[in-house]
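The structure appears below as structure tokens.
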Amino acid sequence: MAHQKIIVLDFGGQYNQLIARRVRECGVYCEVKSYTTPTEEIRAMEPIGIIFTGGPGSVYDPKAPQADPGLFQLGVPILGICYGCQLIAHNLGGKVTAAQGDTAREYGKTETFFDTACRLFKGLPQRGITWMSHGDYMEKVPDGFSLTAHSEHCPNVAICDEGRGFYGVQFHPEVDHTENGTAMLRNFLYEVCGAKGDWTMGDYKQAAIRRVREKVGEGKVLLALSGGVDSSVAAALVAEAVGSQLTCVFVDHGLMRLNEGDEVEKAFSKWDINFVRVNAEALFLGKLAGITEPEEKRKIIGEEFIRVFEAEAKKIGRVDYLVQGTIYPDVIESGLGDAAVIKSHHNVGGLPDYVDFKEIIEPLRMLFKDEVRQLGRELGLPEYLVSRQPFPGPGLAIRIIGEVTKEKADTLRQADFIFRDEVAKAGLEGTMSQYFAVLTNLRSVGVMGDGRSYDHAVALRSVTTSDFMTADWTRIPYEVLDRVSVRIVNEVPHINRVLYDITSKPPATVEFE
Ligand code: XMP
Numbered sequence: 045m046a047h048q049k050i051i052v053l054d055f056g057g058q059y060n061q062l063i064a065r066r067v068r069e070c071g072v073y074c075e076v077k078s079y080t081t082p083t084e085e086i087r088a089m090e091p092i093g094i095i096f097t098g099g100p101g102s103v104y105d106p107k108a109p110q111a112d113p114g115l116f117q118l119g120v121p122i123l124g125i126c127y128g129c130q131l132i133a134h135n136l137g138g139k140v141t142a143a144q145g146d147t148a149r150e151y152g153k154t155e156t157f158f159d160t161a162c163r164l165f166k167g168l169p170q171r172g173i174t175w176m177s178h179g180d181y182m183e184k185v186p187d188g189f190s191l192t193a194h195s196e197h198c199p200n201v202a203i204c205d206e207g208r209g210f211y212g213v214q215f216h217p218e219v220d221h222t223e224n225g226t227a228m229l230r231n232f233l234y235e236v237c238g239a240k241g242d243w244t245m246g247d248y249k250q251a252a253i254r255r256v257r258e259k260v261g262e263g264k265v266l267l268a269l270s271g272g273v274d275s276s277v278a279a280a281l282v283a284e285a286v287g288s289q290l291t292c293v294f295v296d297h298g299l300m301r302l303n304e305g306d307e308v309e310k311a312f313s314k315w316d317i318n319f320v321r322v323n324a325e326a327l328f329l330g331k332l333a334g335i336t337e338p339e340e341k342r343k344i345i346g347e348e349f350i351r352v353f354e355a356e357a358k359k360i361g362r363v364d365y366l367v368q369g370t371i372y373p374d375v376i377e378s379g380l381g382d383a384a385v386i387k388s389h390h391n392v393g394g395l396p397d398y399v400d401f402k403e404i405i406e407p408l409r410m411l412f413k414d415e416v417r418q419l420g421r422e423l424g425l426p427e428y429l430v431s432r433q434p435f436p437g438p439g440l441a442i443r444i445i446g447e448v449t450k451e452k453a454d455t456l457r458q459a460d461f462i463f464r465d466e467v468a469k470a471g472l473e474g475t476m477s478q479y480f481a482v483l484t485n486l487r488s489v490g491v492m493g494d495g496r497s498y499d500h501a502v503a504l505r506s507v508t509t510s511d512f513m514t515a516d517w518t519r520i521p522y523e524v525l526d527r528v529s530v531r532i533v534n535e536v537p538h539i540n541r542v543l544y545d546i547t548s549k550p551p552a553t554v555e556f557e
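This is how it looks when you write it as structure tokens:
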């Protein structure tokens, strides 16, 4: 069954992914497409509505991304956000100019007044805060449009042509700072576009399983399982679809967190698949002996990982399909517009090019991270696997400063476990994006009982962030830090000092190495 579809047409705005996520949260499937997508292609996708995103430019700038006038002839409702709103005005006979002085230029939270007779604002309060970020101003509204919102400085905050289903807002309904912003998007989807809300994860799961079955037929499928959310959910989905035709190779490099390898193995024991766990601790630690340079550690682990994986793949013989856990933000960031930002340095666990397989399957390619987690739950994966924080491919090797040894890894595992345990007990998990312990190479003097100690210092790190490109250190309550510290020095041998990292990113990075 095909889902109803909204197209988010990307004009280079910084919130394109957020708009798409909000639409899906409203139960409507959507895809982000570049503004350069031919209109015929868009028509063929049969969208029930189109949303123009914001963008960095001014519509009258000759180099600015323009909307194809044909889009307005498709007979499909359009909502323009910020720059998208100005595009509508510009294309349909209105006039957009640079705002003069304070008049009409607005940034940040702005009190706004709405005409609730407009379908976009139906059922909402007549005044509320919106998030503005525009330097241009709609001096003349196009014919056929009426004004449906204003603020103190700007008479033209929202426009609509109910007959044709064209709406424009100068503010950003997709960001949290806009009160009732999601309700406005919901109104556009349900009141204007006639959405039925047919995007549910239960349906998606069934359809995705069917697709994998149809594609794979009787073939053999291989997947490199890291224990992270994406590869685990991809594995669970393919396991559900083709069972024993799937082999999951889980390379345990001995640098995982406490009990992690066993937990991953246990979670997959309910499916009738071939699960290969390669216990390669000795191999990895052997290769890392004497290495202190962080990038060299990364390189060694990456290469070794590929070698071990290849050796396992060879034992299986020719495989037809390789599963990868690519998710939608990767697709959007790598392929859409001029402003694409790609994070590349983290691909430890990246797969060799020459494993013998016919085709790649990417069953999560159209899902956002929250949706991947939801799908994992639908598939019956345990919550601790589905909601887990990111964990770097090189694992604890880049959290042990200096040379990595088994003793150090064991020490760090215990300290890290205590930190996570206390965070969970305090109910703080949701407030921290990533948190872990680091074994520093600092040794210092302490007093234990009546004796002097000269032992290691552990550093605790926790950050709060939405994209990991920048991050703030988390203000963990002192009582929680205190409990963690007391437990670590009492329960973990050879630790006599606990430090808390209070640097944000930048200038620090999330990891210590
Ligand atoms: P940084 O330290 O660059 O971390 O601020 C940002 C995010 O990336 C993760 N990270 C890695 N992930 N291999 C990975 O798979 C790596 O080598 C690596 N280094 C950092 C880090 O855990 C954080 O989520």
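Residue numbers (our numbering): 45 to 557.
Virtual Cβ for every residue (Gly too), placed ideally from N, Cα, C.
All values reported here derive from a predicted model rather than from experimental measurement.
- In chain order, Arg163, Lys166 place their CB closer than 7 Å to the CB of Glu235, counting only its own chain and leaving out the 5 sequence neighbours on each side.
- Using a cutoff of 7 Å, the CB of Phe294 does not count as near the ligand XMP, since none of the ligand's heavy atoms is closer than that.
- Residue state for Asp316 is assigned as coil, using DSSP reduced to three classes.
- Beyond the five residues adjoining it in sequence on each side, Ile344 comes within less than 7 Å, by CB distance, of Lys331, Leu332, Ile335 in the same chain, given in chain order.
- When DSSP states are grouped into helix, strand and coil, Tyr104 belongs to the coil group.
- About 5 Å separates the Cβ atoms of Ile444 and Lys452, confirming a contact at the 8 Å cut-off.
- With 16 or more neighbouring CB atoms inside 10 Å of its own CB, Ser195 falls in the buried class.
- Between the segment 319–328 and the segment 409–422, the count of Cβ pairs shorter than 8 Å is below three; the stretches do not touch.
- Remark: three or more beta-carbon pairs, one from each stretch, lie closer than 8 Å, so the segment 126–135 and the segment 99–108 are flagged as touching.
- Relative to the ligand XMP, even the nearest heavy atom lies 7 Å or more away from the CB of Val185.
- The Cβ-Cβ distance between Leu269 and Ala279 falls below 8 Å.
- In this structure, DSSP gives Leu164 a helical state, which the three-state scheme calls helix.
- In this structure, the beta-carbon distance from Leu53 to Ile94 falls below 8 Å.
- A straight-line Cα-Cα distance of about 18 Å links Ala357 and Glu262.
- Relative to the ligand XMP, the beta carbon of Phe512 is positioned inside 7 Å of a heavy atom.
- In this structure, Val554 has its CB closer than 7 Å to one or more heavy atoms of the ligand XMP.
- Classified as buried, Arg541 has 16 or more neighbouring CB atoms from the shown chains inside 10 Å of its CB.
- Judged by DSSP secondary structure, Glu304 falls within the alpha helix (DSSP H) whose first and last residues are 304–311.
- The nearest non-hydrogen atom of the ligand XMP is 7 Å or more from the C-beta of Gln58.
- Gly241 and Tyr59 have their alpha carbons spaced roughly 23 Å apart.
- For a cut-off of 8 Å, the C-beta gap from Arg505 to Val482 is around 6 Å, short enough to register as a contact.
- Counting the other CB atoms within 10 Å of its CB gives Lys469 a total below 16, which places it among the exposed residues.
- Assignment of Phe463 by DSSP, reduced to helix, strand and coil, places it in the helix class.
- Partner residues in the beta bridge of Trp517, as assigned by DSSP, are Val507.
- Considering only Cys204, Gly98, Met245, the residue with the shortest C-alpha distance to Trp175 is Gly98.
- Of the residues assessed, Arg519 falls on the exposed side of the cut-off, its CB having fewer than 16 other CB atoms within 10 angstroms.
- When C-alpha distances from Met476 are compared across Val308, Ser431, Ile122, Asn485, the shortest belongs to Ser431.
- Beta-bridge annotation (DSSP): Val295 is paired with Val322.
- A straight-line Cα-Cα distance of about 11 Å links Asn485 and Ile539.
- It is roughly 12 Å from the alpha-carbon of Arg409 to the alpha-carbon of Ser275.
- For the 8 Å CB-CB criterion, Ile371 and Phe312 do not form a contact.
- Closer than 7 Å to some heavy atom of the ligand XMP: that does not describe the Cβ of Lys331.
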